[in-house]
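In the numbering used here, the protein residues as written are 5 to 313. Note that beta-carbon positions come from the ideal geometry of N, C-alpha and C, so glycine has one too. Below is one structure, written out as structure tokens; comments come after it.
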């Protein structure tokens with residue numbers, strides 16, 4: 005019987021801590037355990053420390069997970085809780101995304117200071133975003149808009165907006181819901197026209213492969229539809245070698261045993277776009293995503309990627 009607390013690794017931002025507490029609360033309910041059986045260990049990652057440059061310039065998504073994964077591998081943590089969209093497609097040897105919590109809203113929201121909708125912003129307006137996907141989609145919709153890099157926590161980006169550094173910014177609806185800040189939203193974007201990042205809105209739990217005791221504990225809170233949709237989306241990313249260096253969008257939807265996936269790749273200026281759709285049985289979710297990624301790569305051709313990957 006476990007006598008010492010389970011150690012849950014997380015980043016230290018308010019959103020990351022909210023996600024870690026949600027995972028803890030679900031484990032408490034599933035196993036009838038008291039709060040004192042869980043210790044939340046907050047770490048500052050390289051991605052948190054370097055907030056003045058775009059992720060593509062300093063190494064991509066792994067910057068938000070490296071320190072957590074090192075302590076998970078060493079046994080200092082029992083498992084780690086992540087925003088699934090921050091996870092690299094290739095995880096360190098011996099680690100896996102074992103479980104996902106029920107997925108939140110996948111959509112992006114607009115927080116407009118001078119107009120509520122992107123389409124209504126004045127000509128030449130400035131929009132802040134750290135995401136290459138969002139930047140490319142904004143430029144596709146409004147080539148006249150000046151897009152600047154906005155990094156930092158949700159609170160930091162909202163503060164920058166209030167200070168007048170931009171006319172609008174875009175944030176995931178899921179994160180604002182988890183922080184109780186949906187009141188700042190001025191518009192929500194249609195995912196068919198403005199598709200989200202793969203795995204957006206999903207909380208993933210990473211653990212050691214072969215740690216049966218821990219993985220059995222986590223299995224009780226795994227949400228199967230989220231596991232399948234995110235597996236499909238991460239398959240798509242992996243086939244494209246997706247990282248923070250590439251504007252890639254896509255999402256999957258489960259309907260019974262069936263899964264549908266829509267994917268998109270763009271050039272950073274948003275002017276060249278390729279899309280793909282695929283569907284099949286949920287048991288093949290990851291393979292379907294991989295097939296979609298391979299198909300869109302073939303359609304786009306090697307020259308599509310040469311100038312910007």
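In three-state terms, what does DSSP make of residue i?
i: residue 239; result: helix
i: residue 31; result: helix
i: residue 101; result: strand
i: residue 19; result: helix
i: residue 224; result: coil
i: residue 232; result: helix
Along the chain, where does the alpha helix (DSSP H) that runs through residue i open and close?
i: residue 78; result: 70-78
i: residue 310; result: 307-310
For residue i, count neighbouring C-beta atoms within 10 Å of its own C-beta (all shown protein chains included) and say buried if the count is 16 or more, exposed if not.
i: residue 89; result: buried
i: residue 281; result: exposed
i: residue 261; result: exposed
i: residue 86; result: buried
i: residue 139; result: buried
i: residue 147; result: exposed
i: residue 159; result: exposed
i: residue 38; result: exposed
i: residue 118; result: exposed
i: residue 306; result: exposed
i: residue 163; result: exposed
i: residue 7; result: exposed
i: residue 220; result: exposed
i: residue 78; result: exposed
i: residue 123; result: exposed
i: residue 131; result: buried
i: residue 251; result: buried
i: residue 179; result: buried
i: residue 213; result: exposed
i: residue 232; result: buried
i: residue 210; result: buried
i: residue 177; result: buried
i: residue 126; result: exposed
i: residue 170; result: buried
Residues bridged to residue i by DSSP?
i: residue 268; result: 253, 279
i: residue 149; result: Paired residues: none, contrary to the question.
i: residue 284; result: 263
Between which two residues does the beta strand (DSSP E) holding residue i run?
i: residue 304; result: No beta strand (DSSP E) contains residue 304, which is instead part of the alpha helix (DSSP H) from 289-304.
i: residue 15; result: 10-15
i: residue 93; result: Where residue 93 is concerned, there is no enclosing beta strand (DSSP E), given that its DSSP letter is neither H nor E.
i: residue 105; result: Residue 105 -> no beta strand (DSSP E), and no H or E assigned at all.
i: residue 44; result: 42-47
i: residue 115; result: 112-116
i: residue 84; result: 83-87
Please tell me whether, using a cut-off of 7 Å, the distance from the CB of residue i to the nearest non-hydrogen atom of the ligand ZN is below it.
i: residue 309; result: For the structure depicted, the ligand ZN is absent and the ligand set is empty, with no information on it obtainable.
Exercise. Curious, which full-length alpha helix (DSSP H) runs of at least 4 residues does the stretch 151-219 contain?
Worked result: Positions of the alpha helix (DSSP H) runs, each at least 4 residues long and wholly inside the stretch 151-219, are given as 158-166, 177-182 in order along the chain.
Problem set entry | Minimum length 4: unbroken alpha helix (DSSP H) runs contained in the stretch 119-147 | Every alpha helix (DSSP H) of 4 residues or more that sits fully in the stretch 119-147 is shown, in chain order, as 136-145.
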